[in-house]
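**Q** Below you'll find the structure I mean.
Protein chains: 2
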Amino acid sequence: MTPAPRARQSVGGLGESGILRILNRRFAAVPAAGDWPEGTVGPGDDAAVVAAPDGRFVITTDAMAQDRDFRLDWPAVHGVRFDGHGLAGGYSTGWKAAAQNLSDINAMGGEPSGLLLALTMPPTTPVAWIDGLAAGLAGAVRHLGATRCRIVGGDLGSDDRITVAVTATGDLDGRPAVLRTLPPGAHAVTADLDLVLCGRAGWAAAGLDVLETPRGRLDELLRAAEQAEQPEQPEHGVRRLAALAAAAQLRPRPVLGAGRVAAEAGALAMMDVSDGVLKDAGRLATANGLRAELDPDWVRREASVLVPLARALDLASGQRTAERWVSAGGEDYGLLAALPAGAAVPVGFRRIGRLVAESGAPAAAENVGSAGGWDHFTDR
Amino acid sequence: MTPAPRARQSVGGLGESGILRILNRRFAAVPAAGDWPEGTVGPGDDAAVVAAPDGRFVITTDAMAQDRDFRLDWPAVHGVRFDGHGLAGGYSTGWKAAAQNLSDINAMGGEPSGLLLALTMPPTTPVAWIDGLAAGLAGAVRHLGATRCRIVGGDLGSDDRITVAVTATGDLDGRPAVLRTLPPGAHAVTADLDLVLCGRAGWAAAGLDVLETPRGRLDELLRAAEQAEQPEQPEHGVRRLAALAAAAQLRPRPVLGAGRVAAEAGALAMMDVSDGVLKDAGRLATANGLRAELDPDWVRREASVLVPLARALDLASGQRTAERWVSAGGEDYGLLAALPAGAAVPVGFRRIGRLVAESGAPAAAENVGSAGGWDHFTDR
Numbered sequence: 001m002t003p004a005p006r007a008r009q010s011v012g013g014l015g016e017s018g019i020l021r022i023l024n025r026r027f028a029a030v031p032a033a034g035d036w037p038e039g040t041v042g043p044g045d046d047a048a049v050v051a052a053p054d055g056r057f058v059i060t061t062d063a064m065a066q067d068r069d070f071r072l073d074w075p076a077v078h079g080v081r082f083d084g085h086g087l088a089g090g091y092s093t094g095w096k097a098a099a100q101n102l103s104d105i106n107a108m109g110g111e112p113s114g115l116l117l118a119l120t121m122p123p124t125t126p127v128a129w130i131d132g133l134a135a136g137l138a139g140a141v142r143h144l145g146a147t148r149c150r151i152v153g154g155d156l157g158s159d160d161r162i163t164v165a166v167t168a169t170g171d172l173d174g175r176p177a178v179l180r181t182l183p184p185g186a187h188a189v190t191a192d193l194d195l196v197l198c199g200r201a202g203w204a205a206a207g208l209d210v211l212e213t214p215r216g217r218l219d220e221l222l223r224a225a226e227q228a229e230q231p232e233q234p235e236h237g238v239r240r241l242a243a244l245a246a247a248a249q250l251r252p253r254p255v256l257g258a259g260r261v262a263a264e265a266g267a268l269a270m271m272d273v274s275d276g277v278l279k280d281a282g283r284l285a286t287a288n289g290l291r292a293e294l295d296p297d298w299v300r301r302e303a304s305v306l307v308p309l310a311r312a313l314d315l316a317s318g319q320r321t322a323e324r325w326v327s328a329g330g331e332d333y334g335l336l337a338a339l340p341a342g343a344a345v346p347v348g349f350r351r352i353g354r355l356v357a358e359s360g361a362p363a364a365a366e367n368v369g370s371a372g373g374w375d376h377f378t379d380r
Numbered sequence: 001m002t003p004a005p006r007a008r009q010s011v012g013g014l015g016e017s018g019i020l021r022i023l024n025r026r027f028a029a030v031p032a033a034g035d036w037p038e039g040t041v042g043p044g045d046d047a048a049v050v051a052a053p054d055g056r057f058v059i060t061t062d063a064m065a066q067d068r069d070f071r072l073d074w075p076a077v078h079g080v081r082f083d084g085h086g087l088a089g090g091y092s093t094g095w096k097a098a099a100q101n102l103s104d105i106n107a108m109g110g111e112p113s114g115l116l117l118a119l120t121m122p123p124t125t126p127v128a129w130i131d132g133l134a135a136g137l138a139g140a141v142r143h144l145g146a147t148r149c150r151i152v153g154g155d156l157g158s159d160d161r162i163t164v165a166v167t168a169t170g171d172l173d174g175r176p177a178v179l180r181t182l183p184p185g186a187h188a189v190t191a192d193l194d195l196v197l198c199g200r201a202g203w204a205a206a207g208l209d210v211l212e213t214p215r216g217r218l219d220e221l222l223r224a225a226e227q228a229e230q231p232e233q234p235e236h237g238v239r240r241l242a243a244l245a246a247a248a249q250l251r252p253r254p255v256l257g258a259g260r261v262a263a264e265a266g267a268l269a270m271m272d273v274s275d276g277v278l279k280d281a282g283r284l285a286t287a288n289g290l291r292a293e294l295d296p297d298w299v300r301r302e303a304s305v306l307v308p309l310a311r312a313l314d315l316a317s318g319q320r321t322a323e324r325w326v327s328a329g330g331e332d333y334g335l336l337a338a339l340p341a342g343a344a345v346p347v348g349f350r351r352i353g354r355l356v357a358e359s360g361a362p363a364a365a366e367n368v369g370s371a372g373g374w375d376h377f378t379d380r
C-alpha cells in the first residue's frame, strides 16, 4: 500500500517508480482496470495490447500545457462551490484531459476503450498535484460513464513545465463511424440539414471569466449582484451560477452516450464542440461545402440564464457577453450533429441551426464566419 | 499545393489549418497514408478509425520536451557528416519521436500500424522546424521499414516551449505479445536465461557527448586525435566515429523486424533499451524476480570501437568512458530478449549476459544494480 502523498512533497525525490505507484493507485479506481480479456496486456510493459472486438478501433490524442490549457492552482470544485488548492488543480486537469479525449471518441459514434497518459513535468511538481491528476483521469472515466474504458499506459518525462498528453481509444462494435463529412450521396438527397447539439454551450467560457477574476474582486462583484437579486430565486443566484460556470470550465461533462444515440437516429455528420459553436459549426459546414446558420433565438435562449452572471462580472453588456459565451466559447464539449431537415431531433439534442448550400440565399439567421471561437495560433 | 515554408517564417501567423497543411504534405510521404481499408478513417476528423485485423492492437506513447529530450538547434545529419540547422533539428526530433514509439511496438513483437502526433509549441516556432519534424516522422516510418504504419491524427496546442507527444499503435496478427515478464510456468522449466541484444549499445550516449562539446572545441579535439591516427584506417577515423555517434543519438535505428524474429525464436521476455543496458536489463530481471549479469567481455568488445572517440574527446579514461557509454548509455533502442539458456541466438542478436535466480551464487560477471542508466526524476 502506497502511503498518501504529503501535502508539500514534490516528485523530484520519488523517481519514476515512485511516481508510477502514485498514478497506479488512482487508476485502480477505474472499474475495468483489473479485468483484461485473454490475449490483451495492461500497463507496465513497453506497450499495452488492447482488444478491438470488431477488428477496428477509434483513436484520438490531445496535449495540454501548463498555464495555457490548465493552471497548477486551479481551485477545487466541491459540488457547486469552489475553493482549496493542491490536489484539486491536478484533479480538474486530469478530468479535463480525459473528458476532451472521451468526447472525441464519442463524436465518432464510438465507445471509449482505453486512455494513455504522457506526462512531462519538472522535479518540483507537487506529488499531490500528480496524485490529483491521476484521480481526475480515473474520476472522469467513472463519472462520465465510460464503463469499458481502461487506463492502458503512458510515458513520463521531465521538463520545465507540465504537459499532459492523453490518447484515447474506442470501439465501434461494428457500426460505421460518423464523420465530419457527409457520407457519399447524402448531398443529393438532402437539400438542407438540421444542426442539433447535445450538451450546453457557453458555460465553460463563462467559467473561465469567473476563474480569471481575482478572488477578492469576484466576491465583491457577486455580493453586489446578490443584493440586487430577487430573494425568491436563490437557486438561480449569481453565486451559484458562478460556481456552476467554474465547474463547467474545470470539469466539462461530454454526454458520452450521445454519439451512439445520434448515429442510430440517422446523424449524417458529427463533431464535438471544443473551440466554440460558431467556429465548429463553421468547420462542419466547410467540410461539406456548406454554410452554417445558427438560430439567433437559440443563442438568445441559451444565453439568457447566463446574463445575470455576465452582468455581475461587470462586463460591458450582459446580454452581448452572454451571447458571445454561447456562440464563441469553447471547451463545453457538446456534440454537434447534422440530420436531414425535419428529421426527429435525437433524445438529449436540441435544434440550434442549419447547414445550407453555399450558394443559397442569405438567411436572416446569424452567419457563421471565421470570426469567433478559438484557434491556438491566431485569434483568441 | 502548399508552398515550401520560407526559412525564417514562424507558425504564429499560419493558424491551425496552415500548420496542418505543412504537416500533411510531409505525412503524404508515408506510402500507406492514402490507402485506408474499408471501414477505417484517416486523419482530420475528431478521431481516426484504425484496422485491428486480429481483434487486438498494441499501443504506446512517448512525450519529448524541448531542451530536455531535444534541442531546436540539433545539427543536421547528412550521411555521416553533421552540419546545418533549421529543418534538420526538426527532422531529427520527428525521427526520434517516431523511432522510440515504433521500438516499443517492436518490443511487444508487434508490427507498427499507426502514429499520432500531439504537438504543443509557441507561435514563434519556425515553420521550417515543424516542417522538418513532420518529414522526420514520415522519414523514420519509411526508412525503418514500418511499411504498414499510417499517420492517423493528432492534436495542436500552444505553449512557451515545444512538446512533441507521439502515440503508436501496432498489430500482432494473432501472435501472443512477448512481455517483460516470463509466461506462466517458464520459471519452472528454465534454471537460467540467456540475455540477447539486437542493435548497438553506447553509440547514442557517445553521440550526446559529441553534440554537447562546443563545435570549435570538438574540431580542435578531433584534429588532434586525427594527427595521432594510423593513416591506413581512415574508415575508423575519429571524425567518422564522431559523426556516426551523433547520428546514432539524433536518428536512432531500432531494428523493427527483430521483435517478431525473437518471438518466433522462442524469446520468453523482451523489452527495448531506452535507458541503458544496465538499467533495462535490471528491470527485465526484477520483473521476474531474477538478477541480471552482463558479460564483461561483451561490454569490453562493444566498447572497443568507441575507445578512440572517448580518448579524442579528452575524457578522463577512454576505456572507462567507452564502457560507461555501452553499459549505462540510453537511447540506442536496441532490443533485449531473454531465451532459455543455450538456445540458438536469433538472427541479428548477440548474447550479452544472463538472468539468474536472485539467490544464485554471485558470479564473476558485472552485477546490475540500480546504478547507471537514466531516470527522468532522479539520477542522470
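Just so you know, the protein sequences line up as chains L and E, in that order.
Residue numbers for the first sequence, in the working numbering: 1 to 380.
Residue numbers for the second sequence, in the working numbering: 1 to 380.
Think of the CB as a built atom: it goes at the ideal place given N, C-alpha and C, for glycine as much as any other residue.
Keep in mind the model is a prediction, meaning the values are calculated, not measured.
Let me make sure I understand the geometry here. Which of E/Met-108, E/Trp-95 and E/Arg-150 has the alpha-carbon closest to that of E/Asp-131?
**A** For E/Asp-131, the nearest C-alpha among the options comes from E/Trp-95.
**Q** Is the separation between the beta-carbon of L/Gly-109 and that of L/Leu-172 shorter than 8 Å?
**A** Cβ atoms of L/Gly-109 and L/Leu-172: closer than 8 Å.
**Q** For L/Thr-40, collect the residues of the same chain with a Cβ closer than 8 Å to its Cβ; drop the 5 residues on either side in sequence, then sort them by chain order.
**A** Ala-48, Val-49, Val-50 and Ala-51
**Q** May I have a chain-ordered list of the alpha helix (DSSP H) segments no shorter than 4 residues that lie completely inside the stretch 244 to 322 of chain L?
**A** 258 to 264, 277 to 286, 296 to 304 and 307 to 312, all fully within the stretch 244 to 322 of chain L.
**Q** Tell me the rounded alpha-carbon separation between L/Pro-340 and L/Leu-179.
**A** It is roughly 15 Å from the alpha-carbon of L/Pro-340 to the alpha-carbon of L/Leu-179.
**Q** In the DSSP assignment, find the alpha helix (DSSP H) that holds E/Asp-192 and state where it starts and stops.
**A** Taken as a continuous stretch (DSSP letters only), E/Asp-192 belongs to no alpha helix (DSSP H), as it is neither H nor E.
**Q** With distances taken from CA atoms, which of L/Gly-114, L/Arg-68, L/Asp-275 and L/Ala-128 is nearest L/Ser-25?
**A** Note on residue identity: the sequence assigns Arg, not Ser, to residue 25 of chain L. When only C-alpha atoms are compared, the closest one is L/Ala-128.
**Q** Is the CB-CB distance between E/Arg-300 and E/Glu-323 below 8 Å?
**A** Yes; because the gap between Cβ atoms is below 8 Å, this pair is in contact.
**Q** Using the beta-carbon of each residue, which ones in chain L are nearer than 8 Å to E/Ala-48?
**A** Going along chain L in sequence order, the residues near E/Ala-48 (Cβ under 8 Å) are Val-58, Ile-59 and Thr-60.
**Q** Measure from the C-beta of E/Arg-71 to each C-beta in chain L and report whether the shortest distance is under 8 Å.
**A** no
**Q** Quick check: what's the CA-CA separation for L/Thr-169 versus E/Ser-158?
**A** 24 Å
**Q** For my contact list, E/Leu-14 and E/Gly-199 are in at a C-beta cut-off of 8 Å; report their separation, rounded to the angstrom.
**A** Not a contact, Cβ separation roughly 38 Å.
**Q** Mark L/Gly-202 as exposed unless 16 or more other C-beta atoms lie within 10 angstroms of its C-beta, in which case mark it buried.
**A** buried
**Q** What do you get for L/Asp-104, buried or exposed, if any count of 16 or more other CB atoms within 10 angstroms of its CB means buried?
**A** buried
**Q** Is the CB-CB distance between L/Ala-309 and L/Ala-248 below 8 Å?
**A** Checking the sequence, you will find Leu at residue 309 of chain L rather than Ala. No, the pair does not count as a contact, with Cβ atoms beyond the cut-off.
**Q** Within the 8 Å Cβ cut-off, does E/Arg-380 reach chain L?
**A** With a pLDDT of 34 at E/Arg-380, under the threshold of 50, the modelled position of this residue cannot be trusted, and the question is left open.
**Q** On a CA-only basis, which of E/Ser-17, E/Thr-60 and E/Asp-46 is nearest E/Asp-272? Give me that one, please.
**A** E/Thr-60
**Q** Would you say E/Ala-165 reaches chain L, if we count a Cβ-Cβ gap shorter than 8 Å as a contact?
**A** yes
**Q** Out of E/Asp-45, E/Ala-186 and E/Ala-357, point me to the one whose CA is closest to E/Gly-286's CA.
**A** Residue identity differs from the one stated: residue 286 of chain E is Thr in this sequence, not Gly. Comparing Cα positions, the closest option is E/Ala-357.
**Q** Nearest to L/Val-255 by alpha carbon, out of L/Ile-162, L/Glu-111 and L/Asp-35?
**A** L/Glu-111
**Q** List, in order along the chain, the chain E residues whose C-beta lies closer than 7 Å to that of L/Pro-53?
**A** Against chain E, a Cβ distance below 7 Å from L/Pro-53 picks out Gly-55.
**Q** Alpha carbon to alpha carbon, what distance is there between E/Ala-29 and L/Ala-343?
**A** 42 Å
**Q** Whole angstroms are fine: how far does the CA of E/Gln-227 sit from the CA of E/Ala-338?
**A** 44 Å
**Q** Is it true that the CB of L/Ala-165 sits closer than 8 Å to the CB of E/Ala-63?
**A** yes
**Q** Tell whether a beta-carbon distance below 8 Å holds between E/Arg-351 and E/Asp-192.
**A** no
**Q** Which residue wins for smallest C-alpha separation from E/Leu-294, given the options E/Glu-212, E/Ser-327, E/Val-305 and E/Arg-283?
**A** E/Ser-327
**Q** Under a Cβ-count criterion, where at least 16 other Cβ atoms within 10 Å of its own Cβ denotes burial, should L/Asp-54 be classed as buried or exposed?
**A** exposed
**Q** Kindly indicate which three-state DSSP category E/Leu-182 falls into: helix, strand or coil?
**A** Residue state for E/Leu-182 is assigned as coil, using DSSP reduced to three classes.
**Q** Pick out the complete alpha helix (DSSP H) segments inside the stretch 194 to 223 of chain L, 4 residues or longer, and give them in chain order.
**A** 203 to 212
**Q** Report the three-state DSSP secondary structure of L/Phe-82 (helix, strand or coil).
**A** Its pLDDT being 46, under 50, L/Phe-82 is placed unreliably in this model, and the coordinates cannot settle the point.
**Q** Go ahead and pull the three-state DSSP assignment for E/Leu-20.
**A** helix
**Q** Looking at the structure shown, is E/Leu-14 part of a helix, part of a strand, or coil, going by DSSP?
**A** Taken through DSSP and simplified to helix, strand or coil, E/Leu-14 comes out as coil.
**Q** Quick check on this structure: which residue in E/Val-347, E/Trp-325 and E/Ala-206 has the alpha carbon closest to the alpha carbon of E/Gly-259?
**A** Closest in C-alpha terms to E/Gly-259, from the list E/Val-347, E/Trp-325 and E/Ala-206, comes E/Val-347.
**Q** What residues from the stretch 109 to 123 of chain E come within 8 Å of chain L, judged by C-beta to C-beta, listed N to C?
**A** Gly-110, Gly-114, Leu-116, Leu-117, Ala-118, Leu-119, Thr-120 and Pro-123
**Q** Which residues bound the alpha helix (DSSP H) around L/Ile-162?
**A** Neither: L/Ile-162 is in no alpha helix (DSSP H) and is coded neither H nor E.
**Q** Where does L/Val-49 sit, in a helix, a strand or coil, going by DSSP?
**A** strand
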